[in-house]
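Let me begin by presenting the structure, written as structure tokens, before commenting on it.
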Amino acid sequence: MAAMSSGSTDRSAQLAERASRVIPGGVNSPVRAFGSVGGTPRFLVSGRGPYVTDADGTEYVDLVASWGPALLGHAHPAVVEAVQAAAARGLGFGASVPEEAELAEEIIARVPEVERLRLVSTGTEATMTAIRLARGATGGPLVVKFAGHYHGHSDGLLAEAGSGLATLAMPGSAGVTAETAAQTLVLPYNDRAALAAAFAEHGDRIAAVIAEAAAANMGVLPPEPGFTDFMIGLAHRHGALVILDEVLTGFRAGPSGYWGIEQARVAAGLAPDLFTFGKVVGGGLPLAALGGRAEIMDLLAPLGPVYQAGTLSGNPLAVAAGLTTLRHADVPAYAALGRAADAISGEVAAALSAAGVPHRVQRAGSLFSVLFGEFPEAPLDYAAVQRQQTQRHRAFFHAMLDAGVNLPPSAFEAWFVTAAHDDAALSRVIEALPAAAQAAAEA
Ligand code: PMP
0 MAAMSSGSTD
10 RSAQLAERAS
20 RVIPGGVNSP
30 VRAFGSVGGT
40 PRFLVSGRGP
50 YVTDADGTEY
60 VDLVASWGPA
70 LLGHAHPAVV
80 EAVQAAAARG
90 LGFGASVPEE
100 AELAEEIIAR
110 VPEVERLRLV
120 STGTEATMTA
130 IRLARGATGG
140 PLVVKFAGHY
150 HGHSDGLLAE
160 AGSGLATLAM
170 PGSAGVTAET
180 AAQTLVLPYN
190 DRAALAAAFA
200 EHGDRIAAVI
210 AEAAAANMGV
220 LPPEPGFTDF
230 MIGLAHRHGA
240 LVILDEVLTG
250 FRAGPSGYWG
260 IEQARVAAGL
270 APDLFTFGKV
280 VGGGLPLAAL
290 GGRAEIMDLL
300 APLGPVYQAG
310 TLSGNPLAVA
320 AGLTTLRHAD
330 VPAYAALGRA
340 ADAISGEVAA
350 ALSAAGVPHR
360 VQRAGSLFSV
370 LFGEFPEAPL
380 DYAAVQRQQT
390 QRHRAFFHAM
400 LDAGVNLPPS
410 AFEAWFVTAA
420 HDDAALSRVI
430 EALPAAAQAA
440 AEA
């Protein structure tokens, strides 16, 4: 397979210029603007398996995978076929379609703590609704979140959030009222004493603790053994709910999400009350979900008093993409994903070590990220990962991009492999590494 590269970025630059005249910053989601790495964001026109092709005709090995959804690789034939078949039947009706329950059943089969599931269109909606539901169920106004965790862009969840806010070093967002911000208590991750103190002070007013199942929006940073246990036990003793956000980790970190991995370490009987899913469950189309125990989920309208709705919720094309993706996410697919994660993270670490670049590979199931800088011990929270040497990431990122490997344009994002990252794709990554590691060493 020839790496087609014109080397030119002229067309992407023209498209970026045109977009910037009609779209703020030229992008519909901030990290795409290459704000922290500089240079010309590539406009992508197609993808297939582990590869994407930009508007200038350059093909890249893709380690972004649509920021997670493309678990099976881009344009997986079965997924495309299912979406085409659904489209031919109509793009959406605003009425229930049979496959919605099939998708719910598929997810419930993987995460038995989920007894009921509601489909929404984005991860932001899923977490926003989960919080409304927690407040409706408990009557408490306050929500605890952890610094560096990202749960989408609803007002109450932007404080000290990861993802694009970490990339752009923004502590929060303008436009969020002080009253709303005051309802979110932001604590350091993995800090049991801080969590205990928050509950000691505000316990009767806390509706929920929301946490990524394994933090993956400040680099990958799994919970310390015992932390999830502690969090669930403490919340439940105070009548608060636990919302485990698996939008990123769900059905990617492992077949049952990161909870499927963590569960074995958690005391029997302790489980989150609500889960949020996104990305993989929509197979690349706009679909996300929240789920949990029936007694809580049934508080949603039309059964209960907590309102939530969506014109496009359960859209048949999105459901077809998600259902087909999950049905093909079988044992061999997860084995391929794990092999690709092992191989790429291992080769990156070896190349960086050979070039003398201080770094640390962080891992949670099939998810990994690379921290640039001195991290003799595993970082436990946002403050620790903010010590990254982002200039080394920037140099590494651009050298990889120039050599035909598309990495997340941020030092604070997970790297996403797919089950389609085969030996040919891996060898292209490996070829690009020595020069990129050298660039990082000199940065
Ligand atoms: N939660 C987590 C853990 C996420 O990673 C994301 C998105 N990266 C969201 C919520 C928000 O999802 P969306 O971008 O679909 O609104």
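One point on numbering: in numbering that gives the first Met the number 0, the residue at position 289 of the sequence shown is 288, and numbering is uninterrupted. Cβ atoms here follow ideal geometry from the backbone N, Cα and C, with glycine treated the same way.
Original post:
Is DSSP giving E124 helix, strand or coil here?
Top reply: In the three-state reduction of the DSSP assignment, E124 falls in the helix class, which pools H, G and I.
Original post:
Would T310 be called buried (16 or more neighbouring beta carbons within 10 Å of its own) or exposed?
Top reply: Under this definition T310 is an exposed residue.
Original post:
Are the region 189-203 and the region 393-413 in contact at 8 Å, needing three or more beta carbon pairs?
Top reply: The region 189-203 is not in contact with the region 393-413.
**OP:** Kindly indicate which three-state DSSP category S368 falls into: helix, strand or coil?
**Re:** Taken through DSSP and simplified to helix, strand or coil, S368 comes out as strand.
Original post:
So which of G139, G163, G174 has the shortest CA-CA distance to D154?
Top reply: Among G139, G163, G174, the Cα nearest to that of D154 is on G174.
Subject >> Cβ-Cβ separation, L379 to Y188 (assumed contact under 8 Å), whole Å >> reply: At roughly 7 Å, the Cβ-Cβ gap stays under 8 Å, so Y188 and L379 are in contact.
**OP:** Provide the residue(s) that pair with V142 in DSSP beta bridges, ordered along the chain.
**Re:** Beta-bridge pairing links V142 to T183, A207.
Subject >> Three-state secondary structure assigned by DSSP to L62 >> reply: Note: L62 maps to coil in three-state DSSP.
Original post:
Residues in its own chain within less than 8 Å of A81 by CB, not counting five upstream and five downstream?
Top reply: When the five nearest sequence neighbours on each side are left out, the beta carbons in the same chain lying within less than 8 Å of the beta carbon of A81 are those of A319, A320, L322, T323, in order along the chain.
**OP:** Within the same chain, show all residues whose beta-carbon is closer than 6 Å to that of A456, passing over the 5 residues directly before and after it, in chain order.
**Re:** Residue 456 cannot be examined here, being either before or after the span of the chain that is shown, 0 to 442.
Subject >> Local Cβ density within 10 Å of L302, reported as buried at 16 or more and exposed below that >> reply: Classification for L302: exposed.
Original post:
Looking at Y257 and the ligand PMP, is the gap between the Cβ and the nearest heavy atom below 7 Å?
Top reply: Relative to the ligand PMP, Y257 has its C-beta separated by 7 Å or more from all heavy atoms.
Original post:
With V449 and R251 assumed to form a contact (beta carbons below 8 Å), what rounded beta-carbon distance in angstroms separates them?
Top reply: Outside the modelled stretch of the chain, which goes from 0 to 442, sits residue 449, for which no answer is possible.
**OP:** With DSSP as the reference, label R88 as helix, strand or coil.
**Re:** Note: R88 maps to helix in three-state DSSP.
**OP:** Specify, as a first and last residue, the run of the alpha helix (DSSP H) that D454 falls within.
**Re:** Outside the displayed span of the chain (0 to 442) sits residue 454, for which this structure offers no information.
Original post:
Distance, Cα to Cα, Y257 vs A436?
Top reply: Near 30 Å, if we compare the C-alpha coordinates of A436 and Y257.
Original post:
So is the beta-carbon of T166 under 7 Å away from any non-hydrogen atom of the ligand PMP?
Top reply: Relative to the non-hydrogen atoms of the ligand PMP, the Cβ of T166 never comes closer than 7 Å to any of them.
Subject >> Between the CA atoms of D329 and N385 - distance to the nearest angstrom >> reply: Note on residue identity: the sequence assigns Gln, not Asn, to residue 385. Counting only the Cα atoms, D329 lies some 36 Å from Q385.
**OP:** Tell me the start and end of each unbroken alpha helix (DSSP H) in the region 365-433 that is at least 4 residues and wholly inside, in chain order.
**Re:** As far as the region 365-433 is concerned, its whole alpha helix (DSSP H) runs of at least 4 residues are 381-384, 389-401.
**OP:** Report, in whole angstroms, the separation of the C-beta atoms of G72 and T417, which I expect to be a contact under 8 Å.
**Re:** Contact between G72 and T417 holds: their C-beta atoms lie close to 4 Å from each other, under 8 Å.
Subject >> Selected residue, minimal CA-CA separation from P224, among R326, R134, E112, A363 >> reply: The shortest Cα separation from P224 among R326, R134, E112, A363 belongs to A363.
Original post:
Residue range of the alpha helix (DSSP H) that T227 falls in?
Top reply: Boundaries of the alpha helix (DSSP H) harbouring T227: 226-236, taken from the DSSP string.
Original post:
For L366, which option in E376, V356, A354, A340 has the closest C-alpha, if you only look at C-alpha atoms?
Top reply: Distances from the CA of L366 to each of E376, V356, A354, A340 were compared; the closest alpha carbon is that of A340.
Original post:
Does the beta carbon of E376 fall short of 7 Å from some heavy atom of the ligand PMP?
Top reply: It does not: the Cβ of E376 is nowhere closer than 7 Å to a heavy atom of the ligand PMP.
Subject >> N216, buried or exposed, once every other Cβ within 10 Å from all chains shown has been counted against 16 >> reply: Result: buried.
Subject >> the ligand PMP heavy atom lying under 7 Å from the CB of W66 >> reply: Indeed, a heavy atom of the ligand PMP lies less than 7 Å from the Cβ.
**OP:** Using only the heavy atoms of the ligand PMP, determine whether one of them is closer than 7 Å to the beta carbon of L247.
**Re:** Taking the Cβ of L247 as the reference point, at least one heavy atom of the ligand PMP falls within a distance shorter than 7 Å.
Original post:
For A398, which option in P140, G249, V36 has the closest C-alpha, if you only look at C-alpha atoms?
Top reply: A398 has its Cα closest to that of V36, out of P140, G249, V36.
Subject >> Cβ pair count under 8 Å reaching 3, the region 111-119 against the region 288-306 >> reply: In short, these stretches touch, since the Cβ pair count reaches three.
Subject >> C-alpha gap between A212 and G249, whole angstroms >> reply: Spanning the two alpha carbons is a distance of roughly 8 Å.
**OP:** Kindly examine the ligand PMP and report whether one of its heavy atoms sits closer than 7 Å to the Cβ of D244.
**Re:** D244 Cβ: within cutoff of the ligand PMP.
Original post:
Given 8 Å as the limit, is there contact between the region 121-132 and the region 343-350, that is, 3 or more CB pairs closer than that?
Top reply: Verdict: no, contact absent.
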